[in-house]
Amino acid sequence: MDSSRDSLTDRASASVSSLSSCDTTVKDDTKAAEAGAHATPDLEKGLQNLERKPLAELRYKDFNTYKRLCSLIIVGNLAATIIILTRAGIERNMPTLASLCIHMGAANTMVCSLIRSPIIINILFSLFSAIPRSAPLRLRRICCKVFHLGGVHSGTGTSALIWFIGFLISYTMSKPWENPRPAAVFGLALAVMVLLLSIVVVAIPGFRRRFHDTFELTHRFAGWATLVLFWALLFLHAYDEAVVGNTTSVTSFLVTFPTFWFLSVSTVAAIWPWTMLRKVDVTPEKLSAHATRLHLHHLPDMGFGQGLSLAKHPLKDWHSFAAFTDRFDTSTPGFSCLVSNAGNWTGSVIQGGPTQIWVRGIPVCGFGHVMKMFHRIIMVTTGSGIGPCLSFIGDENRPAMRVVWQTRSPLRTYGQRTVNLVKRLDQDPVILDTDVLGRVDMLPLIRDMAKEFEAEAVCVISNPRLTARLVFELESTGIPAYGPIFDS
Numbered sequence: 001m002d003s004s005r006d007s008l009t010d011r012a013s014a015s016v017s018s019l020s021s022c023d024t025t026v027k028d029d030t031k032a033a034e035a036g037a038h039a040t041p042d043l044e045k046g047l048q049n050l051e052r053k054p055l056a057e058l059r060y061k062d063f064n065t066y067k068r069l070c071s072l073i074i075v076g077n078l079a080a081t082i083i084i085l086t087r088a089g090i091e092r093n094m095p096t097l098a099s100l101c102i103h104m105g106a107a108n109t110m111v112c113s114l115i116r117s118p119i120i121i122n123i124l125f126s127l128f129s130a131i132p133r134s135a136p137l138r139l140r141r142i143c144c145k146v147f148h149l150g151g152v153h154s155g156t157g158t159s160a161l162i163w164f165i166g167f168l169i170s171y172t173m174s175k176p177w178e179n180p181r182p183a184a185v186f187g188l189a190l191a192v193m194v195l196l197l198s199i200v201v202v203a204i205p206g207f208r209r210r211f212h213d214t215f216e217l218t219h220r221f222a223g224w225a226t227l228v229l230f231w232a233l234l235f236l237h238a239y240d241e242a243v244v245g246n247t248t249s250v251t252s253f254l255v256t257f258p259t260f261w262f263l264s265v266s267t268v269a270a271i272w273p274w275t276m277l278r279k280v281d282v283t284p285e286k287l288s289a290h291a292t293r294l295h296l297h298h299l300p301d302m303g304f305g306q307g308l309s310l311a312k313h314p315l316k317d318w319h320s321f322a323a324f325t326d327r328f329d330t331s332t333p334g335f336s337c338l339v340s341n342a343g344n345w346t347g348s349v350i351q352g353g354p355t356q357i358w359v360r361g362i363p364v365c366g367f368g369h370v371m372k373m374f375h376r377i378i379m380v381t382t383g384s385g386i387g388p389c390l391s392f393i394g395d396e397n398r399p400a401m402r403v404v405w406q407t408r409s410p411l412r413t414y415g416q417r418t419v420n421l422v423k424r425l426d427q428d429p430v431i432l433d434t435d436v437l438g439r440v441d442m443l444p445l446i447r448d449m450a451k452e453f454e455a456e457a458v459c460v461i462s463n464p465r466l467t468a469r470l471v472f473e474l475e476s477t478g479i480p481a482y483g484p485i486f487d488s
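Take the sequence shown: its position 256, counting from 1, is numbered 256 in UniProt numbering, and each next residue is one higher.
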């Protein structure tokens with residue numbers, strides 16, 4: 001293993017040297033083929049001989065921080081359900097139980113909406129990343145996992161569905177059916193439940209990965225429809241309870257009904273990003289047939305570890321990109337995003353070279369934003385994952401870092417300027433050209449580098465499968481590692 005690792009390191013150094021000394025990438029010639037033939041075995045083979053911590057599969061994969069948060073939310077809601085049922089009585093107080101169920105469903109819907117709000121995300125990331133580097137390392141490593149907050153989104157969304165099922169059951173048992181109003185309330189509640197169920201189903205990881213466009217469109221339009229029908233349900237329920245019951249006015253009923261306020265906050269959270277929808281000019285810089293760099297100028301710059309959502313049509317698929325400042329290699333104020341060919345949308349952007357594009361909301365902190373709480377980190381990436389890494393160049397107070405970048409023909413694919421920007425992060429980056437070396441197992445190299453560099457954390461940005469594998473293998477063997485969640 002050591003000799004293979006030394007061989008890989010030597011050839012990686014040679015690859016980096018070739019990038020430094022020439023303007024063209026290494027051709028796929030006989031020597032390159034020979035080097036690739038002797039490359040370290042594929043990642044999955046290299047993972048087999050590592051000694052892992054006890055219960056590593058459970059702690060870092062099956063029940064990671066994201067899933068713990070999701071489970072905690074659901075279990076907490078189930079506990080609240082049991083308490084409410086115990087105190088209210090299943091048959092004695094069904095109207096009260098129905099009200100409690102709709103309040104809890106609305107409360108979960110509110111949290112589900114807020115936790116995805118750009119303002120809330122930025123506030124949470126700013127608070128957690130404000131922890132000084134002098135704080136205990138264990139505390140910083142825990143706080144760094146704030147980017148797992150998507151678990152709260154999943155947990156509250158699922159819990160809202162559970163509460164609506166409870167509302168349907170309790171409302172059905174609490175109302176006499178001699179007039180059409182209870183039937184209308186029941187129908188609206190059933191429609192909301194079906195919409196919530198569809199959102200939960202398409203968000204199942206396997207479905208989401210395979211049918212991502214369906215997931216995104218269902219999430220958006222079913223979410224909007226849920227809010228509209230929820231408002232209709234609320235007003236009809238208020239009319240039924242207040243006016244027909246001769247107790248008070250609809251307005252008085254609503255302002256004292258918690259669901260009204262929960263739903264109001266949810267609606268504002270859903271609408272606000274769309275009030276900032278606009279079409280902006282973009283300057284495409286085609287780097288190769290595989291990648292392009294989009295230069296945007298509607299904002300003077302982009303903050304550390306931030307990104308934004310882009311779309312060619314405002315009601316179709318949106319794509320999130322990390323952004324990095326243009327000030328180091330262009331004369332025009334602004335920032336850039338790297339786009340690589342990973343599907344129909346990205347392929348059309350590369351080939352079409354749009355001059356205008358839709359943006360929505362405000363720049364949002366990504367998981368890389370919290371990396372600044374560390375003294376020394378290692379950035380591990382593949383392909384266009386180097387784009388999010390470049391977002392670090394805009395902060396002079398960034399951590400000391402080493403960069404490991406595995407990609408195909410870096411100069412030919414991304415250009416000399418991109419390589420020069422990488423060297424602003426790390427003067428001696430390890431750039432693994434897969435046309436020369438083949439696809440190699442980076443894990444031994446990362447482990448050795450983490451030890452030699454005394455890194456406090458490893459940041460992995462790659463495709464979902466490789467990111468999850470590297471993060472798991474590093475964490476399960478005692479090296480703190482972090483990577484994006486890919487849950488949206």
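Backbone N, C-alpha and C fix where the C-beta goes; we use that ideal spot for every residue, glycine too. What you are looking at is a predicted structure, and each value in this text was computed from that prediction instead of being measured.
Using a 10 Å radius around the Cβ and a threshold of 16 neighbouring Cβ atoms, would you call residue 73 buried or exposed? buried
Pick out the complete beta strand (DSSP E) segments inside the stretch 268 to 293, 3 residues or longer, and give them in chain order. 278 to 286
Span separating the alpha-carbon of residue 102 from that of residue 230: 10 Å
When the Cα atoms are used, what is the spatial distance from residue 464 to residue 243? 54 Å
Separation of residue 276 from residue 167, as counted between CA atoms: 35 Å
Whole-number beta carbon distance between residue 325 and residue 393, since they are thought to touch under 8 Å: 6 Å
Taking the alpha-carbon of residue 396 as reference, which of 428, 304, 258 has the nearest alpha-carbon? 304
Contact between the stretch 112 to 124 and the stretch 293 to 302: three or more CB pairs below 8 Å? no
Opposite residue 364 in the DSSP bridges: which residues? 307
3-residue-minimum beta strand (DSSP E) runs that sit fully inside the stretch 401 to 435, ordered along the chain: 430 to 433
Do residue 364 and residue 379 have their CB atoms nearer than 9 Å? no
Beta carbon of residue 223 nearer than 9 Å to that of residue 270: yes
Give me the Cα-Cα distance between residue 154 and residue 331, rounded to the nearest whole angstrom. 43 Å
Proximal residues to residue 140 (C-beta, below 8 Å), its chain only, five neighbours per side dropped: 131, 133, 373, 374, 456
Bridge partner(s) assigned by DSSP for residue 335: 296, 325
Distance check for residue 412 and residue 438, CA to CA, integer angstroms please. 16 Å
Out of 473, 483, 482, 382, which one is the CA nearest neighbour of residue 53? 473
Which word fits residue 274, buried or exposed, when buried means at least 16 other C-beta atoms lie within 10 angstroms of its C-beta? exposed
Determine the DSSP secondary structure at residue 319, reduced to helix, strand or coil. strand
Return the chain-ordered list of same chain residues with a C-beta closer than 7 Å to the C-beta of residue 107, the five sequence neighbours on each side being excluded. 262
When you compare the CB positions of residue 278 and residue 339, do they come within less than 9 Å of one another, or not? no
Rounded to the nearest angstrom, how far is the Cβ of residue 152 from that of residue 69, given a contact under 8 Å? 5 Å
Give the DSSP-derived three-state secondary structure of residue 340 in the structure shown. strand
Assuming residue 447 is part of the alpha helix (DSSP H), what are its boundary residues? 443 to 453
Whole-angstrom C-beta distance between residue 228 and residue 114, which should lie under 8 Å: In fact, because the Cβ distance is near 19 Å, the residues do not count as touching under 8 Å.
Bridge partner(s) assigned by DSSP for residue 355: None, per the DSSP bridge assignment.
Report back the beta-carbon spacing between residue 366 and residue 307 to the nearest angstrom; my notes put them in contact at under 8 Å. 5 Å
In whole angstroms, give me the CA-to-CA distance for residue 125 and residue 405. 26 Å
In terms of residue numbering, what span does the alpha helix (DSSP H) encompassing residue 173 cover? 150 to 174
Report all residues from its chain with a CB closer than 8 Å to the CB of residue 449; omit the five preceding and five following residues, and keep chain order. 378, 402, 404, 430, 455
On a Cα-Cα basis, can you pick out the residue from 111, 348, 80, 302 that is closest to residue 100? 80
Go ahead and pull the three-state DSSP assignment for residue 123. helix
According to DSSP, is residue 457 helix, strand or coil? strand
Local conformation of residue 377 per DSSP, three classes: strand
Going by other Cβ atoms of all chains shown within 10 Å of its Cβ, with 16 needed for buried, is residue 321 buried or exposed? buried
Taking 6 Å as the limit between beta carbons, can you name the residues of its chain near residue 104, skipping five residues before and five after? 163
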